[in-house]
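Student: Handing you a structure now.
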Amino acid sequence: MGFQYGTFVSSGLGKQLATTFGLPRPSKLRRHEPGASLINGAVLLAGHGDAPLVAHLRTVLEEAGVQIATQPSTSVAGVVVDMTAIERPEDLESLRGIVGPALKTLAPTGRIIVLGRPVDEATSVPQAAARRALEGIVRSVAKEMRGGGTANTVYIADGADEAADATIRFFLSGRSAYVDGQVVHVAKPVGEVKTPADWDQPLAGKVAVVTGAARGIGAAIAKTLARDGATIVAVDIPAAGGPLAEVANALGGSALQLDVTAPDAGTKIVEHAQARHGGFDIVVHNAGITRDKLLANTDAERWASVVNVNLASILAMNEALIPAIREGGHIVNVASIAGIAGNRGQTNYAASKAGVIGMTSSLAQDKEVLAKGVTVNAVAPGFIETEMTAKVPFATREVGRLLNSLTQGGKPVDVAETIGWFAWDANRGVTGNTVRVCGQMMLGA
Ligand SMILES: NC(=O)c1ccc[n+]([C@@H]2O[C@H](COP(=O)([O-])OP(=O)(O)OC[C@H]3O[C@@H](n4cnc5c(N)ncnc54)[C@H](O)[C@@H]3O)[C@@H](O)[C@H]2O)c1
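Per this note's numbering, the sequence shown starts with residue 1, numbered consecutively.
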């Protein structure tokens, strides 16, 4: 392993230098462990006006064994602010008044979650302005937080309050360690919201197909979904057959050697899943490649290979997968922040990943998909430590690691945890969303 800034500044001389020169020192993030409590401290519950969601949230948190606080203190590790009742910009003062003091004493790896109603459901212009302002405040708070803490906004549509429980749980938990400064939209649930018998096994009894599962993020997705109770169909190219079999065998799942660009790839997956597992409930389109060059030097072959693997194959496979996925299933696509911010030397890759984001929001509204109660979402990873990013030149790699609010790269498991949450049956109000798992990278929105 080569030089890593994060390791250097956390030990001996590096620590001294970091203190002297005010260099960023990445904090250890709180990641989910089976059996762990939802959050490592009390949660301060507050809101603007009559804060209509607070009573329900109190019950949710109490059921999760979380202690509730009404005042900031050093034992508070999370703050949930119900701003759904705001009418005008002056009402934002309530948020400042709650979060400002709480930030002074918030425990390390703390969580700030701000709840609002969607801007497009506002009944007046000042209300729309105030609602949208929440996003600006929370994204800024996320940049001010220290100690591995995160801040995120959740817009909850009228009538979708209970569908938001899963999202609030996710953001309080260690599962969302590297999700920071994000905005999640919760709509009226697609299909029936089902609370799991055991929150450590939210995918119990489900069958999940994961493409590109032989290594990197795909292997972590397979492992994480299996940890949470799912049976895995691990898909990857024949050349990766060895590691693919290892992943599938270790998890008690099945391996399917397949190039996702093959014209019959979707049919092959459906046949395999039905023959081996009786069907499937979750599809994670993770397989992806890069073939970087400046556009001026990109030939048609380099262009087509990336667009085919990363985007066209998903559209083609879905033709077979959507009719076959079980009712109430979940489709998750892996995009990239390059598809949001663009990236020098990656026009083909950014095209494919931006296309994935467009496909996600459109497919979520598709009649057949809605009729089956299937949710469709995407993750957009930032800098994640994998073989893909290990090949990035040293200076660019260190910049990639540091240019985010958590001043460190994410782990494949961070992407996997977000995908897992998208696939919960308890999470049926989140569909058509793209959530970045990027530690609030400075690139892009
Ligand atoms: N690593 C990052 O920082 C990062 C950031 C943003 C997005 N992503 C995306 O996450 C996904 C996984 O990335 P990774 O870093 O784990 O990459 P990786 O190269 O380590 O793994 C990709 C896997 O996909 C498989 N694959 C490639 N082409 C395939 C095909 N035609 N058919 C079947 N399988 C195929 C590969 O064999 C490999 O096992 C990709 O979609 C990538 O674009 C990664």
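Just so it is clear, CB atoms sit at the ideal spot from N, CA and C, and this is done for glycine as well.
(1) Let me check you understand the geometry: is the CB of Val283 closer than 7 Å to at least one non-hydrogen atom of ligand 1?
(2) Could you compute how far the alpha carbon of Arg344 sits from the alpha carbon of Pro72?
(3) Mark Thr70 as exposed unless 16 or more other C-beta atoms lie within 10 angstroms of its C-beta, in which case mark it buried.
(4) Given a cut-off of 8 Å on the beta-carbon distance, is the pair Asp180 and Thr150 in contact?
(5) Around ligand 1, what residues have a beta-carbon under 6 Å from a heavy atom of it, in chain order?
(6) By a C-beta neighbour count over all protein chains shown, 10 Å radius and 16 as the cutoff for buried, is Gln408 buried or exposed?
(7) Taking the CB atoms as reference points, tell me whether Ala177 and Asp414 lie closer together than 8 Å.
(8) Using DSSP's beta-bridge definition, name the partner residues of Gln257.
(9) Can you list, in chain order, the residues of its chain whose CB lies under 7 Å from that of Asn433, leaving out five sequence neighbours each side?
(10) Are the CB atoms of Leu321 and Val270 nearer to each other than 8 Å?
(11) Quick check on Met83: does DSSP put it in helix, strand or coil?
(12) How far does the beta strand (DSSP E) with Val154 in it extend, from its first residue to its last?
(13) Sorted by chain position, which residues of the same chain lie with C-beta nearer than 7 Å to Thr386's C-beta, five sequence neighbours on each side aside?
(14) Identify which residue in Thr59, Glu246 and Met83 has its Cα closest to the Cα of Arg131.
(15) Taking the DSSP output, what are the residues bridged to Pro381?
(16) Helix, strand or coil for His277? Go by DSSP, reduced to three states.
(17) My guess is that Ala262 and Ser254 are in contact by the Cβ rule of under 8 Å, so how many angstroms apart are they, rounded?
(18) Have a look at Asp161, Phe170, Leu106 and Ala85 and flag the residue whose alpha-carbon is nearest the alpha-carbon of Ala128.
(19) Going by DSSP, what residue range makes up the beta strand (DSSP E) through Ile39?
(20) First and last residue of the beta strand (DSSP E) that includes Leu115?
(21) Rounding to the nearest angstrom, what Cα-Cα distance links Leu295 and Pro101 in this structure?
Tutor: So, to answer that:
(1) In the sequence shown, the residue the question calls residue 283 occupies position 283. It does not: the Cβ of Val283 is nowhere closer than 7 Å to a heavy atom of ligand 1.
(2) Residue numbering aside, residue 344 sits at position 344 when the sequence shown is read from its first letter. Residue numbering aside, residue 72 sits at position 72 when the sequence shown is read from its first letter. Distance between Arg344 and Pro72, taken at the CA atoms: about 44 Å.
(3) Counted from its first residue, the sequence shown places residue 70 at position 70. Its Cβ having fewer than 16 others within 10 Å, Thr70 is exposed.
(4) As a position in the sequence shown, residue 180 is number 180, starting the count at 1. As a position in the sequence shown, residue 150 is number 150, starting the count at 1. Yes.
(5) Result (chain order): Thr211, Gly212, Ala214, Arg215, Gly216, Ile217, Gly218, Asp236, Ile237, Ala240, Asp259, Val260, Thr261, Asn286, Ala287, Gly288, Ile289, Val309, Val334, Ser336, Pro381, Phe383, Ile384, Thr386, Glu387, Met388 and Thr389.
(6) Taking the sequence shown and counting its residues from 1, one reaches residue 408 at position 408. Note on Gln408: 16 or more other CB atoms within 10 angstroms of its CB, so buried under the neighbour-count rule.
(7) Here residue 177 is taken as the residue at index 177 of the sequence shown, counted from 1. Here residue 414 is taken as the residue at index 414 of the sequence shown, counted from 1. Closer than 8 Å, so yes.
(8) For the purposes of this step, residue 257 is taken as the residue at position 257 of the sequence shown. Answer is Asp236.
(9) Taking the first residue of the sequence shown as 1, we reach residue 433 at position 433. Only Val184, His185 and Asn377 meet the Cβ criterion.
(10) Position 321 of the sequence shown holds residue 321. Position 270 of the sequence shown holds residue 270. Yes, they are a contact pair.
(11) Mapped onto the sequence shown, residue 83 falls at position 83. Met83 falls in the coil class under three-state DSSP.
(12) What you label residue 154 is simply residue 154 of the sequence shown in a count that begins at 1. Val154 -> beta strand (DSSP E) spans Thr150 to Ile156.
(13) Taking the sequence shown and counting its residues from 1, the one referred to as residue 386 is at position 386. If we look at Thr386 and ignore the five residues flanking it on each side, its Cβ neighbours are Gly216, Ile217 and Pro412.
(14) Your numbering for residue 131 matches position 131 in the sequence shown. For Arg131, the nearest C-alpha among the options comes from Met83.
(15) Counted from its first residue, the sequence shown places residue 381 at position 381. According to DSSP, which records beta bridges pairwise, Pro381 is partnered with Val437.
(16) One-based indexing of the sequence shown puts residue 277 at position 277. If DSSP states are grouped into helix, strand and coil, His277 belongs with the helices.
(17) Working through the sequence shown from its first residue, we reach residue 262 at position 262. Working through the sequence shown from its first residue, we reach residue 254 at position 254. Incorrect: roughly 18 Å between the Cβ atoms, too far for contact.
(18) Numbered from its first residue, the sequence shown carries residue 128 at position 128. Closest by alpha carbon: Ala85.
(19) Indexing the sequence shown from 1 puts residue 39 at position 39. From DSSP, Ile39 is part of no beta strand (DSSP E); its letter is neither H nor E.
(20) Reading the sequence shown from its first residue, position 115 is the one you call residue 115. Residues Arg111 to Gly116.
(21) Here residue 295 is taken as the residue at index 295 of the sequence shown, counted from 1. Here residue 101 is taken as the residue at index 101 of the sequence shown, counted from 1. When rounded, the distance between both Cα atoms is 49 Å.
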